[in-house]
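Right, one structure below, let's go through it.
Protein chains in written order, with my numbering: chain R, 303 to 681; chain Z, 77 to 425.
Written out as structure tokens, the structure is:
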């Protein structure tokens with residue numbers, strides 16, 4: 303972001319990687335959809351945190367509440383969904399100091415208490431926590447050029463310093479102003495170059511239909527990153543793309559994360575992608591968090607039967623064994639009519655009759671930084 | 077062409093496609109003048125043996141789906157030959173090679189009993205106003221094979237075979253989950269006891285656990301009913317899992333075709349190598365040297381000169397820019413279209 307940074311005149315607050323202060327803390331989050339047929343608990347008791355510069359992966363099958371979690375953080379849950387419990391604590395680092403130059407400390411905001419249309423969440427949404435959506439075609443407006451999309455984000459969220467010579471003839475930043483149209487265009491072109499779009503000076507004026515799928519997704523990433531967010535929520539960012547383009551996009555994300563020390567919440571159902579991206583993984587099933595661990599622990603020592611089954615059911619590249627895939631029997635249950643006890647028990651290979659169908663498992667610590675919601679690990 | 081020099085260790089060739097082309101015209105203006113062609117399928121040659129699965133992989137827009145639809149003439153091919161070992165068209169019931177592209181409408185309808193199709197999108201490929209029983213019965217009705225009682229029994233058996241319950245018969249597609257709908261589509265494909273099933277991305281819309289169930293089901297059915305599959309997919313891991321042989325497509329052409337083991341461990345085409353290296357492995361400790369292909373897939377309306385892959389190929393030489401490589405059998409049963417296939421040492425998995 304060389305050029306973009308000199309334009310902005312400042313870099314990110316860059317704490318050392320060791321300390322890794324917390325950026326976002328989700329505590330016992332509950333999201334419900336009140337529909338005619340009853341109440342769907344889309345997210346039920348989700349707890350995790352994201353440190354600055356860290357990548358947390360959220361995996362699970364469709365309908366398990368991954369995307370709803372992402373939208374809850376940004377307060378964009380579609381009606382009739384609403385947050386019915388828990389907290390989302392956002393540690394807000396002030397990016398732009400006050401007029402007197404004093405840097406404010408970290409301010410903790412509970413995002414669940416904010417007005418979803420209010421001024422504060424609108425500053426955070428897109429500006430400090432940005433999001434990339436799954437469908438690169440439908441998330442760009444077809445009548446606007448790539449540049450217009452980028453300009454919107456940049457003019458809304460980016461401020462440029464006004465430099466003034468202070469008493470000791472040192473440049474002091476005292477005020478910020480909004481970027482002008484021409485500056486926004488320059489930042490936009492620079493961002494497109496950063497995400498690897500060829501001839502960005504021309505591409506900035508292209509409409510979405512003139513771009514390929516991979517290029518569109520890169521434009522999405524450029525929009526999300528143009529505001530220099532602290533955190534990026536990537537909701538299945540490469541699912542619609544081919545492997546060769548996927549590899550390019552993941553590379554760009556990794557590289558940008560390192561230069562900007564940005565946290566990433568990576569939502570996917572692709573275990574291969576998450577293995578190469580995440581530091582820590584949260585596994586969800588039917589709105590519940592079933593396991594949380596460091597990426598290596600999760601892939602090598604999965605504790606929850608669902609995680610184990612999920613890992614075994616993916617076909618892997620490698621010497622052909624001719625063996626059948628270990629599949630999870632049955633189907634995802636009806637969210638309006640969840641099984642009693644542990645929601646996974648009807649499909650679970652380790653089902654204990656009389657226990658799993660009656661008792662609701664609690665969140666058990668099964669190792670260093672490793673938790674699972676399963677009665678196998680209950681005292 | 078492809079397949080003629082085969083050793084006879086496996087089954088006979090059931091489907092042989094030679095030089096298949098499908099060009100879509102690009103029209104412009106009031107008079108719909110044709111100003112060019114999208115060469116969606118440009119010289120595809122492949123073959124499927126009796127009882128085996130041929131995987132057809134490639135990136136989106138490379139013409140996989142168009143190729144499979146052209147084979148069964150859902151799209152009318154521009155040129156080429158599709159030879160199919162048909163039973164129904166032969167007077168004595170002995171299988172005989174026929175060129176599907178030369179058949180008239182009536183014969184084509186008849187031969188479609190033997191070639192079924194499973195579609196990618198389990199939601200849009202089922203008529204929402206028909207019950208499951210009607211959906212599975214429809215192929216039989218069309219071909220005049222529906223008999224009250226007997227056919228109903230067949231339908232119930234099929235339904236149970238694909239893992240659904242008989243009481244699902246009177247339900248409508250919207251009452252099912254994605255995985256179940258795909259099972260209905262599979263049952264429909266099997267209704268006429270076909271010999272070749274064209275599977276167009278049958279599992280790519282499904283979740284991981286459901287995908288595994290469906291793949292297992294397809295494998296079981298293949299054994300049970302002696303089916304041959306042309307399995308179109310973009311997921312290389314899935315294709316490796318299910319296929320005996322694999323063909324790789326790039327911008328309308330098959331660039332490599334070989335035994336699955338040989339293709340994955342010892343690829344001969346640089347595109348296959350790059351594609352394999354780009355597949356994310358579900359192993360956090362695996363540090364791969366991924367070959368990042370630069371740029372995007374070439375535009376089939378305006379393909380590059382010479383070898384279509386040369387702008388993205390890291391081994392390209394001058395010859396690749398001018399001369400299109402021929403699709404040739406470099407090793408027994410291992411076909412490749414690359415000028416440098418002999419000299420390159422490519423990395424598999």
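Note that CB positions come from ideal geometry on N, CA and C, so glycine has one too.
is_contact[residue i, chain Z] using C-beta, thresh 8 Å
i, result
"residue 669 of chain R", "no"
"residue 420 of chain R", "no"
"residue 439 of chain R", "no"
"residue 601 of chain R", "yes"
"residue 360 of chain R", "no"
"residue 496 of chain R", "no"
"residue 401 of chain R", "Here residue 401 of chain R scores only 48 on pLDDT, less than 50, and its place in the model is too uncertain to base an answer on."
"residue 633 of chain R", "yes"
"residue 363 of chain R", "yes"
"residue 573 of chain R", "yes"
"residue 619 of chain R", "yes"
Beta carbon of residue i nearer than 8 Å to that of residue j
i, j, result
"residue 599 of chain R", "residue 569 of chain R", "no"
"residue 636 of chain R", "residue 310 of chain Z", "no"
"residue 555 of chain R", "residue 441 of chain R", "no"
"residue 247 of chain Z", "residue 208 of chain Z", "yes"
"residue 364 of chain R", "residue 283 of chain Z", "yes"
"residue 412 of chain Z", "residue 332 of chain Z", "yes"
"residue 160 of chain Z", "residue 176 of chain Z", "yes"
"residue 510 of chain R", "residue 429 of chain R", "no"
"residue 313 of chain Z", "residue 355 of chain Z", "yes"
"residue 123 of chain Z", "residue 93 of chain Z", "yes"
"residue 156 of chain Z", "residue 220 of chain Z", "no"
"residue 254 of chain Z", "residue 204 of chain Z", "no"
"residue 491 of chain R", "residue 502 of chain R", "yes"
"residue 173 of chain Z", "residue 149 of chain Z", "no"
"residue 571 of chain R", "residue 362 of chain R", "yes"
"residue 330 of chain R", "residue 590 of chain R", "no"
"residue 587 of chain R", "residue 646 of chain R", "yes"
"residue 162 of chain Z", "residue 135 of chain Z", "no"
"residue 415 of chain Z", "residue 390 of chain Z", "no"
"residue 263 of chain Z", "residue 193 of chain Z", "no"
Beta-bridge pairing of residue i - partner residues as DSSP gives them
i, result
"residue 381 of chain Z", "The partner list for residue 381 of chain Z (beta bridge, DSSP) is empty, contrary to what the question assumes."
"residue 337 of chain R", "R:340"
"residue 109 of chain Z", "Z:104"
"residue 324 of chain R", "R:353"
"residue 94 of chain Z", "Z:157"
"residue 670 of chain R", "Answer by DSSP bridge pairing: none, since residue 670 of chain R is not bridged."
Same chain, Cβ closer than 6 Å to residue i, five either side skipped, listed in chain order
i, result
"residue 98 of chain Z", "116, 117, 142, 146, 151, 153, 154"
"residue 269 of chain Z", "none"
"residue 676 of chain R", "606, 663"
"residue 417 of chain Z", "344, 406"
Beta-carbon proximity list for residue i, same chain, < 8 Å, skipping 5 on both sides
i, result
"residue 232 of chain Z", "242, 245"
"residue 533 of chain R", "325, 326, 352, 430, 431, 432, 564, 565, 566, 567"
"residue 453 of chain R", "483, 486, 487, 490"
"residue 412 of chain R", "389, 390, 391, 392"
"residue 102 of chain Z", "110, 111, 112, 113, 114, 377"
"residue 518 of chain R", "438, 439, 442, 510"
Proximity test, Cβ basis, 8 Å: residue i and chain R
i, result
"residue 340 of chain Z", "yes"
"residue 244 of chain Z", "no"
"residue 369 of chain Z", "yes"
"residue 394 of chain Z", "no"
"residue 313 of chain Z", "yes"
"residue 425 of chain Z", "yes"
"residue 271 of chain Z", "no"
"residue 237 of chain Z", "no"
"residue 135 of chain Z", "yes"
"residue 351 of chain Z", "yes"
Close Cβ partners of residue i (< 7 Å) along its chain, the five nearest in sequence each way excluded
i, result
"residue 373 of chain R", "379"
"residue 679 of chain R", "605, 666, 668"
"residue 239 of chain Z", "259, 293"
Whole beta strand (DSSP E) elements within the region 578 to 660 of chain R, 3-residue minimum: 582 to 587, 590 to 596
Contiguous alpha helix (DSSP H) assignments of at least 4 residues, all confined to the region 369 to 457 of chain R: 421 to 426
Complete beta strand (DSSP E) runs within the region 165 to 192 of chain Z (minimum length 3 residues, chain order): 172 to 175
Scan the region 333 to 367 of chain Z and note each continuous alpha helix (DSSP H) run of 4 residues or more that stays entirely inside, going in chain order. 336 to 341, 346 to 354
What alpha helix (DSSP H) runs, 4 residues minimum, are completely inside the region 249 to 331 of chain Z? 254 to 266, 284 to 301, 312 to 318
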